[in-house]
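Okay, so here's the structure we're looking at.
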Amino acid sequence: MPRAGLVLVTGWLTVLFCAGAVQAAPVGPHAPDNPTQFAYLAEQLRKSPVHVSDQIPREVPRSTAPAFAREARRLGVPTYVMVLPHASYGTAADGLLAGVHDRLGRKGLYVALSDTGLEAAQTYGVDLPSTADAVTEAVYAVPYDATPREVFRHFVDVVTSGEAHERAEEARAAYDDGGTDEPPGLHTDTTERENQSFVTGIAVLGIPLSVLLVTVHALQRRRVRRAAAADGPVRVPGARGGPQGGGRTAGGGTTGSGRQQPGGGPGPFPRERLLPLMLGAAVLGGLVAFTASQIFDDTTSGDGTRPTAADMRARIDRVSAGLRRDPLYLDPESRSTLDGTERAHLRKRLRELDVPVVIAAVPTPPDDESGGSTELLAKQVHDRLHRDVLMVLADPATGVIELVNYSTRIDDSYLVDRPRDLAYTGPAEEQLGRHLDELLTYVDKAPRARTGGRPYDPPPAADPVEEKALPGLFTGDFEAGMVLGTFAAGLVFGLVAAARALARRLVRRGRPAGRGAGGRGAGGRGAGGAAVPAAPDRPTLSWLRRTARQDLDVLTAALEASASLPEEARRRAWECLDAAALLVDGDSDGRIDADATPVGLTCAVVLARAGRTAIEEPAAARYVCHRNPLHGAARRRAPGRPSGGAARSLPVCETCRVAPGPVLRLRSPGSGGRGAYAPYPTLTGPLAALGDGTGIDQLTLDVREYFGVH
């Protein structure tokens, strides 16, 4: 019995051993080994502690493995790093780390990274308590556009900081549901570069142009104020506020570099002063452009990593070599979706077909060498195989199947018209094997063609370096920004000018109102040494129209406010007002006529000021200065030669008695305010009589007769 029992036990053990050997043995004489994902990755980590997948060279080239290794050495414990496509981890990256650790059998920190960031990190047999907090902090605080290298560097920084828990809590509080949605981006993308170019265009043209316009406006306003001051009050000898004879002569506007326009108003802004301002604006624009180029200095949208030619062809070489050995190639970095029975069955079907067919179960992530194009991946693999073949590409993660026929004599339209169009989708774990078997059935039944088909060459993939390169800062929307900057400069200038005008108006309202030209107040004072009104020797048409309107309004208001005046003074003032109205308001509509001539406007201003003098100082209202009637009342007489005649005594103002000023010159009446200036006594009209010393009463009489009013 003992010997029989021993024989029986030995027999059962032999049967079990043989069954296990048969199950583990490959099918067919040439069937290669198919290690699981765990075993493959463990083998790669046994060769090097950092494994970078060859399937995402655009985002993480394999040549960056030494950079990951340098960061890992900072942790002070054995560290194993895997960088795989996100789809390779499935739903549980922790499970992948555990499986790899079981196959590798080494203590240390295991880190799983993907093209989307940090997937998981686990310690096995080493003391690194900050690992979990560092993972949490990286999930919340790392920007969405950080590259895997930057994510791993940040993870190492947190682990070695000694403050992993505090930083994890801060990140959770800042970016959790109750905080900010996500941290700001780390890199400049194409959209952001367009925004930078747009803003730079606005600043490069808008800022200098705004400064130029505002500066010219401010300088021009200062010239206007200086011109007004030059044409402003003239202090007579003995006047309060200045020494004897220390005033400016009437109409004595500045000349030379000031370039005051005749009539007291400044001319156009001097070109010799505008050119330096424009040069300064150009320099300012250059400084703005230089500053923008230093601030927006990114040239790529990533961390500057550039894949090598070897990085870009590594997976193609791997898949091609695998298909040379076996018509069924399963990506070892991806989760296995075909069990041993399905793999054996598919290999058997492939060998029995009379058409060369290969199946490559590999993913096509967007960061692979083909840019996510299955057609380009098929072409690159076919170029390595150098033989006619019907290539089947199956994505192990999504279950999508695509066919590319390279010169095999098979009717492609038959395959395309099959159910579900052979583009199967669904859970790959459950359906991929069945769908591939159905596909091979359709291939076996497909009619044979006389000639082999060949697909169109797919477009080449984008260059990985150019793909990451950013457009230049001064391209794209830069020109649109310059256009908007021009409008923005005009808007800024308009706002500044409006603000200055409003401020001046508010300041003027806060000052006491003057009493008008020709008397005390704004622009002139009476006897006793007061200032005389503004009196340019070559007034412009615009100045005359403006001054006539103001002085007539002042005289009208003064007459209405004066209840008790001597009869002679009231008569003279009213006659001056009536005569002035005849000269410039022929329509009797209360407005100055559009066709009023410089001579008529000047005569109206003289009469308005004389009427005001008659109200405030009746004794001084009979005569005005014969050299320039705009000077106002003549209280003295001085020798002169009227119209080239004999010398005699003529009325003059105090200033012209001390130092005779220039004779008033006006543009001819028929020139429309644009002709040459001529001495006023030589022009036609009642005003010319003042050059001979005619009094105000005679002037009002001449005006009425000139217009036929009695």
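Numbered by the numbering used here, the letters in the sequence shown go through residues 11 to 720 in order. The beta-carbon is built from N, C-alpha and C at its ideal position, and this holds for glycine as well. Treat the numbers as computed from the prediction; the structure is a model and nothing was measured.
I need the boundaries of the beta strand (DSSP E) containing residue i, first residue and last residue.
i: ARG665; result: Note that residue 665 corresponds to Thr in the displayed sequence, not to Arg. No beta strand (DSSP E) contains THR665, which is instead part of the alpha helix (DSSP H) from 664–668.
i: ALA404; result: 399–404
i: THR704; result: No beta strand (DSSP E) holds THR704; DSSP gives it neither H nor E.
i: GLU412; result: 411–416
i: ALA630; result: Premise fails: ALA630 is in no beta strand (DSSP E) and is neither H nor E.
i: TYR99; result: First-last for TYR99: undefined, no H or E at that position.
i: ALA370; result: 367–371
i: ALA156; result: Looking at the DSSP string, ALA156 is not in any beta strand (DSSP E), and its letter there is neither H nor E.
i: GLY650; result: 646–650
i: ALA340; result: The sequence shown places Leu at residue 340, rather than the Ala named in the question. Counting along the chain, the beta strand (DSSP E) containing LEU340 begins and ends at 338–340.
Within its chain, find whatever has a CB closer than 6 Å to the CB of residue i; leave out the 5 residues flanking it on each side and keep chain order.
i: TYR150; result: ALA181, ARG182 and TYR185
i: THR157; result: GLY312 and ASP313
i: LEU666; result: Reading off the sequence shown, one finds Cys at residue 666, where the question assumed Leu. Cβ neighbours of CYS666 beyond the five flanking positions: CYS635 and ARG637.
i: MET492; result: GLY211 and LEU215
i: ARG646; result: VAL662 and ARG667
i: ALA174; result: SER140, ASP143, ALA144 and VAL168
i: HIS392; result: TYR416
i: TYR633; result: ALA644, PRO661 and GLY705
i: ARG359; result: LEU450
i: GLY135; result: LYS117
Three-state secondary structure (DSSP) at residue i?
i: SER124; result: strand
i: ARG464; result: coil
i: GLU129; result: strand
i: SER659; result: strand
i: ARG677; result: strand
i: PRO689; result: strand
i: PRO696; result: helix
i: VAL224; result: helix
i: VAL91; result: strand
i: ARG345; result: coil
i: LEU483; result: coil
i: ILE212; result: helix
i: PRO639; result: helix
i: ARG580; result: helix
i: ALA618; result: helix
i: GLY118; result: strand
i: LEU138; result: coil
i: LEU196; result: coil
i: ARG521; result: For ARG521, the predicted model reports a pLDDT of 49, less than 50, meaning its position is unreliable and no value from the coordinates is stated.
i: LEU363; result: coil
i: THR351; result: helix
i: THR315; result: coil
i: THR310; result: strand
i: PRO608; result: helix
i: SER574; result: coil
Excluding the 5 residues flanking residue i on each side, which residues of the same chain have their C-beta closer than 7 Å to its C-beta?
i: THR46; result: SER346
i: ASP398; result: PRO366, TYR416, SER417, THR418 and GLY462
i: LEU480; result: THR198, THR200, ARG203, ASP308, THR309, THR310 and SER311
Could you check how far apart the C-beta atoms of residue i and residue j are, in whole angstroms? I think they sit under 8 Å.
i: ARG177; j: GLU147; result: 5 Å
i: ALA590; j: LEU554; result: About 12 Å; that fails the 8 Å criterion.
i: CYS586; j: LEU617; result: 4 Å
i: LEU387; j: LEU403; result: 7 Å
i: ALA558; j: VAL594; result: 6 Å
i: ALA75; j: VAL62; result: 5 Å
i: PRO652; j: ASP547; result: With a Cβ gap of about 18 Å, PRO652 and ASP547 do not count as contacting.
i: LEU196; j: ASP155; result: 5 Å
i: ALA407; j: ALA102; result: The Cβ separation is near 14 Å, so there is no contact.
Which residue comes first and which comes last in the alpha helix (DSSP H) that contains residue i?
i: VAL293; result: 281–305
i: ILE326; result: 319–335
i: LEU387; result: 384–395
i: ILE602; result: Looking at the DSSP string, ILE602 is not in any alpha helix (DSSP H), and its letter there is neither H nor E.
i: LEU551; result: 551–571
i: LEU425; result: 422–426
i: GLU477; result: 474–478
i: ARG8; result: With the chain covering 11 to 720 only, the question about residue 8 has no answer from this structure.
i: PHE717; result: Premise fails: PHE717 is in no alpha helix (DSSP H) and is neither H nor E.
i: ARG83; result: 75–83
Only counting the same chain, and skipping five residues up and downstream in sequence, which positions put a Cβ closer than 8 Å to that of residue i?
i: GLN132; result: ASP104, LEU107, ALA108, HIS111, LEU119, TYR120 and THR141
i: ALA579; result: ALA624, ILE625, PRO628 and ALA631
i: THR225; result: LEU287
Nearer than 7 Å: is that true of the beta carbon of residue i relative to any heavy atom of the ligand SAH?
i: LEU348; result: Of the ligands one can find in the structure shown there are none, so the ligand SAH has no counterpart to examine.
Runs of 4 residues minimum, wholly inside the stretch 41–69: which ones carry the alpha helix (DSSP H) assignment? 47–57
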